[in-house]
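This note's numbering numbers the first residue of the sequence shown as 37 and each following residue consecutively. Note that CB positions come from ideal geometry on N, CA and C, so glycine has one too. The structure appears right after this line, and notes come after that.
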Amino acid sequence: TATFGNNVDIYPQAFIGPKVEIGSDVTIHSGARIMAGSRIGDGSVIWPNAVLYERTVIGQRVVIHSGAVIGAYGFGYGVVDARYRLSAQLGWVEIGSDVEIGANTTIDRGTYGPTVIGEGTKLDNLVMIAHNCRLGRHNLICSQVGVAGSTTTGDWVVMAGQCGVRDHVHIGDGAVLGARSGVSNDVPPRTSVLGEPAIELRDRKLQLATISRLPEMRKDLKKLTARLEALESACEPSTVSVPAHARDANAA
């Protein structure tokens, strides 16, 4: 059976599975699903239709908004007998205290151990965190960011909207990923990157400044090409024709 702390509010049609542990001052709204063996810390709020898969661990003062799914199977497949087969999905999700999870955000369970969201981290709506990821403390993850499996982040990392981060990379403390960045390599601490592929912000700004000048540079190139052709024509040696009788005399 589930256990409950003091002053717990559970609204109609919420589901609480067996062996769930719920702390004090917790609110679970209608339609929320808390599956077997999950733990919810004091002062947390689970909004309507959020789902916590089995063995999910939630810290204190965590807010999980509607439609969020915590602990679904990761996207891991192998080919067996010419078919895709789901690999082991035996892990769980651990969410630190003071974390907020936006609406329709998904955090997949680890393969064998936990996927971890560090204390104080805030995830916007429509964020995807894949299996085995470990996000540090006080990260800001904006809407439509996707983080592939086994990626890790330090503390105070910012990912702006629609970033994509490949698997098995590390984002260092205080790094900032600009909107729509495509990150395929590690990002050093306190570095700002932008673009696809993501490079340091100052280098991307130089590229963008150069691109904006391309029409003007094209005109200049055409002018220089025309001048070069004219100079080459002027420098060509002149051809002197030899009269026929002179050629005959030389031959004789």
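Query                                                                                                          : Result
Cβ pair Q198, A215 closer than 8 Å                                                                             : yes
Burial state of K142 (16 or more Cβ within 10 Å)                                                               : Before going further, note that residue 142 is Thr rather than Lys in the sequence given. T142 should be labelled buried.
Whole-Å CB distance - G127 paired with T151, under 8 Å assumed                                                 : 7 Å
Rounded straight-line distance, which links the Cα of K258 to that of G182                                     : 44 Å
Segment contact flag, the stretch 109 to 120 with the stretch 74 to 88, C-beta cutoff 8 Å, min 3 pairs         : no
Distance between Q49 and R170 (C-alpha atoms, nearest Å)                                                       : 33 Å
Cβ shell of M164 (< 6 Å), same chain only, five flanking positions each side left out                          : T142, G182
Beta strand (DSSP E) runs contained entirely in the stretch 128 to 187, provided each spans 3 or more residues : 128 to 131, 142 to 144, 150 to 153
Backbone secondary structure at A270 - three-state DSSP                                                        : helix
Beta-carbon proximity list for V223, same chain, < 8 Å, skipping 5 on both sides                               : V205, H206, I207, G208, A211, L213, V229, A234
Rounded C-alpha distance that separates I64 from N175                                                          : 25 Å
CB contact flag (A166, G110, <8 Å)                                                                             : yes
Proximity below 8 Å, CB of G185 to CB of N168                                                                  : yes
Counted within 10 angstroms of its Cβ, other Cβ atoms place L159 as buried (16 or more) or exposed             : buried
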